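S.K.:
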Amino acid sequence: MSFFRELTKGFIKENPTFVIVLGMCPTLATSTSVDNALGMGMAATFVLICSNIMIAAIKNITPDKIRIPIYVVVIAAFVSVVDMAMAAYVPALHKSLGIFIPLIVVNCIILGRAEAFAGKNNVINSLADGIGMGLGFTLSLSVVATIREILGNGTWLKMRVMPHSFDPMLVAILAPGAFITLGFLMAGMNMLKNRK
Amino acid sequence: MKYYIQLALTLLIFCAVGSGVLAYVNAKTKPIITERKIKEAKEARESLIPGSDFERHTAVADTEFEYYVALKKGTKDAQGYVFTAIRKGYAAPVKTMVGLDKDLKIISIKVIEQNETPGLGTNSALPAFTDQFKGKTDAELIVDKDGGLPGKSIKALSGATITTRAVTYSIKDDINILRADLASATGGVK
Chain A
1 MSFFRELTKG FIKENPTFVI VLGMCPTLAT STSVDNALGM GMAATFVLIC
51 SNIMIAAIKN ITPDKIRIPI YVVVIAAFVS VVDMAMAAYV PALHKSLGIF
101 IPLIVVNCII LGRAEAFAGK NNVINSLADG IGMGLGFTLS LSVVATIREI
151 LGNGTWLKMR VMPHSFDPML VAILAPGAFI TLGFLMAGMN MLKNRK
Chain B
1001 MKYYIQLALT LLIFCAVGSG VLAYVNAKTK PIITERKIKE AKEARESLIP
1051 GSDFERHTAV ADTEFEYYVA LKKGTKDAQG YVFTAIRKGY AAPVKTMVGL
1101 DKDLKIISIK VIEQNETPGL GTNSALPAFT DQFKGKTDAE LIVDKDGGLP
1151 GKSIKALSGA TITTRAVTYS IKDDINILRA DLASATGGVK
């Protein structure tokens, strides 16, 4: 039961983007189009799951006072290994996800979950937390990206959804559009939460 | 005191293991990655000027500038040049691979690396944009917004003038470096 609860809490209740407000930088940068958002989300989910498992596995040999530098070393080493392995053995995947790898290293969701969850829980629950948070991140990125891509480019996943006469609202895919979209979505989430 | 030494040693062990793993993976993957990059660049050159062998040259005056002379397969006649032009666009450097004929007229170009704004600057990689470079000489490489005449200039992408300028003028400048190098006695085609 607790596995399932840890898994689903990342979707809405503790959504990393809208509720915990972590990982804002990659959210702003990669939500310009839905395929970018999915790429970033998937890459981050993968790293998050693996780093959560590893951090949880070594938590008994990690001295409490230096846990943060150890997390940073583990995550950075891990991300670099993934980057190099992907470039060498699955170049097609690396071509589409490769540009997100440097963004994952600085993605505070990964470190945030290591500190807040994986360092205190067992491997199984940390796995669930990694999957849930990763998918929650992917989900919220996709929502922001859907709004921005449709308004700013008239397309969704590169397919045209708006009529050709629609004049795209360029601001939506530029940086200010990300802040505006995110603001409205967070306001909406809070409104729903307060009504309950 | 003993406690702090223990902490430092623990951290050292973690870092050492981490570096060891990284060094191992790097040693394993680096040759494969380098090899593929070379292969990809070769394929890109061949798509610009098909049916050629390529010979690498470095410009004499500017050793940072590399270009390839395309030699027709069999006869070994020089039939053109290929180089990669790089200039900072709106976000990050835009890399464009350019194929020129013997008279330094553009055969075709290919934007091989860019990280511009999706939906605006990224359109620079599409044929609708790159096709207008075909047959242009360096004198015609001017963005229409900078006073170029229609038909004799590059039409700027809407909302991405900076990207258009980066692509256009990086090519123009590099053609001039190439021309100067070919004219100098040591450079040029053997």
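Those protein sequences? They're chains A and B, same order as listed.
Counting along the first sequence from 1, when you hit position 196 you're at 196 in our numbering, and nothing is skipped either side.
Counting along the second sequence from 1, when you hit position 159 you're at 1159 in our numbering, and nothing is skipped either side.
Idealized CB from N, CA, C, for every residue including glycine.
Since we're looking at a predicted model, the values are computed, not measured.
For the stretch 66 to 84 of chain A, list every residue whose C-beta sits within 8 angstroms of some C-beta in chain B, in sequence order.
M.R.: Against chain B - using a Cβ distance shorter than 8 angstroms - the residues of the stretch 66 to 84 of chain A are Ile-66, Pro-69, Ile-70, Val-73, Val-74, Ala-76, Ala-77, Ser-80, Val-81 and Met-84.
S.K.: Taking all protein chains shown into account, decide if Val-1140/B is buried (16 or more other Cβ within 10 angstroms of its Cβ) or exposed.
M.R.: Sequence check: residue 1140/B is Glu here, not Val. Flag for Glu-1140/B reads buried.
S.K.: Which word fits Pro-1093/B, buried or exposed, when buried means at least 16 other C-beta atoms lie within 10 angstroms of its C-beta?
M.R.: It counts as exposed.
S.K.: Which chain B residues sit within Cβ distance under 8 angstroms of Pro-16/A?
M.R.: What Pro-16/A touches in chain B: nothing, since even the nearest Cβ is about 23 angstroms away.
S.K.: Among Phe-11/A, Phe-4/A and Ser-2/A, which has the Cα closest to the Cα of Val-202/A?
M.R.: Residue 202/A is absent from the structure shown; chain A starts at 1 and stops at 196.
S.K.: Tell me, please, whether the CB atom of Ala-128/A is closer than 8 angstroms to any CB atom in chain B?
M.R.: Answer no: the Cβ-Cβ gap between Ala-128/A and chain B never drops below 8 angstroms.
S.K.: What is the DSSP secondary structure of Thr-1029/B, counted as helix, strand or coil?
M.R.: Three-state DSSP puts Thr-1029/B in a helix.
S.K.: What's the C-alpha gap between Val-1189/B and Gly-1074/B?
M.R.: In this prediction, Val-1189/B scores a pLDDT of 48, lower than 50, which makes its location untrustworthy; no coordinate-derived value is stated.
S.K.: In three-state DSSP terms, what is Ile-1222/B?
M.R.: Nothing about residue 1222/B can be read from this structure; chain B reaches only from 1001 to 1190.
S.K.: So, helix, strand or coil for His-94/A, using DSSP?
M.R.: Here His-94/A sits in helix by DSSP.
S.K.: Which residues in chain A sit within 9 angstroms of Leu-1011/B, going by Cβ to Cβ distance?
M.R.: Chain A residues near Leu-1011/B: Pro-63, Ile-66, Pro-69, Ile-70 and Val-73.
S.K.: Have a look at Pro-26/A, Asn-121/A, Val-106/A and Thr-30/A and flag the residue whose alpha-carbon is nearest the alpha-carbon of Thr-146/A.
M.R.: Checked all of Pro-26/A, Asn-121/A, Val-106/A and Thr-30/A; the closest Cα to Thr-146/A is Thr-30/A.
S.K.: May I ask you to report which of helix, strand or coil DSSP gives Gln-1079/B?
M.R.: Strand, per DSSP.
S.K.: Going by Cα to Cα distance, which pick from Leu-127/A, Ala-178/A and Ser-126/A is closest to Ile-150/A?
M.R.: If we check each option's Cα against that of Ile-150/A, Ala-178/A comes out closest.
S.K.: In terms of DSSP beta bridges, what is Phe-1054/B paired with?
M.R.: Its beta-bridge partners are Ala-1070/B.
S.K.: Pro-1093/B bridges to which residues according to DSSP?
M.R.: In the DSSP output, where bridge partners are listed per residue, Pro-1093/B has Lys-1088/B.
S.K.: Measuring alpha carbon to alpha carbon, tell me which residue in Ser-1184/B, Ala-1183/B, Thr-1161/B and Asp-1138/B is nearest Asp-1173/B.
M.R.: Ranking the options by Cα distance to Asp-1173/B, first place goes to Asp-1138/B.
S.K.: So, Leu-103/A versus Gly-41/A, is the Cβ gap smaller than 8 angstroms?
M.R.: For Leu-103/A and Gly-41/A, no; Cβs fall outside 8 angstroms.
S.K.: I'd like to know if the stretch 110 to 130 of chain A and the stretch 88 to 102 of chain A are in contact, where contact means that at least 3 CB-CB pairs between them fall below 8 angstroms.
M.R.: Short answer: they don't touch.
S.K.: Can you pull the chain A residues whose beta carbon is under 7 angstroms from the beta carbon of Thr-1029/B, in chain order?
M.R.: Going along chain A in sequence order, the residues near Thr-1029/B (Cβ under 7 angstroms) are Met-84, Ala-85, Ala-87 and Ala-88.
S.K.: Let's see if you can read the secondary structure: which residues bound the alpha helix (DSSP H) around Pro-168/A?
M.R.: Neither: Pro-168/A is in no alpha helix (DSSP H) and is coded neither H nor E.
S.K.: Quick one: list the residues of chain A neighbouring Asn-1026/B, beta-carbon separation under 8 angstroms, in chain order.
M.R.: Here the neighbours are Met-84.
S.K.: Quick one: grab the DSSP three-state call for Leu-1104/B.
M.R.: Coil at Leu-1104/B, not helix or strand.
S.K.: Can you tell me which residues form a DSSP beta bridge with Arg-160/A?
M.R.: Paired residue(s): Thr-155/A.
S.K.: Can a CB atom of chain A be found closer than 8 angstroms to the CB of Gly-1159/B?
M.R.: By this cut-off, Gly-1159/B is an interface position.
S.K.: Quick one: which unbroken alpha helix (DSSP H) runs of 4-plus residues sit fully inside the stretch 1138 to 1177 of chain B? Chain order, please.
M.R.: If we require 4 residues or more, the stretch 1138 to 1177 of chain B turns out to have no alpha helix (DSSP H) run fully inside it.
S.K.: Check each candidate in Leu-1071/B, Ala-1059/B, Asp-1062/B and Ile-1112/B and name the one with the smallest Cα separation from Thr-1084/B.
M.R.: Nearest of Leu-1071/B, Ala-1059/B, Asp-1062/B and Ile-1112/B to Thr-1084/B, Cα basis: Ile-1112/B.
S.K.: Quick one, which of Asp-167/A, His-164/A, Glu-115/A and Leu-135/A has its alpha-carbon nearest Gly-39/A's?
M.R.: Closest by alpha carbon: Leu-135/A.
S.K.: Under 8 angstroms, Cβ to Cβ, is there at least one residue of chain A near Gly-1018/B?
M.R.: So, interface residue.
S.K.: Quick check on Gly-1147/B: buried or exposed, where buried means 16 or more other Cβ atoms within 10 Å of its Cβ?
M.R.: With fewer than 16 other Cβ atoms within 10 Å, it is exposed.
S.K.: Tell whether a beta-carbon distance below 8 angstroms holds between Ile-110/A and Leu-48/A.
M.R.: Yes, Cβ-Cβ distance for Ile-110/A and Leu-48/A is below 8 angstroms.
S.K.: DSSP beta-bridge partners for Gly-1099/B?
M.R.: Gly-1099/B pairs with Val-1082/B and Ser-1108/B.
S.K.: How many whole angstroms separate the CB atoms of Val-1082/B and Ile-1049/B, which I take to be in contact at a CB cut-off of 8 angstroms?
M.R.: Correct: roughly 6 angstroms between the Cβ atoms.
S.K.: Kindly say whether Lys-1105/B, judged by its beta-carbon, lies nearer than 8 angstroms to any beta-carbon of chain A.
M.R.: Answer no: the Cβ-Cβ gap between Lys-1105/B and chain A never drops below 8 angstroms.
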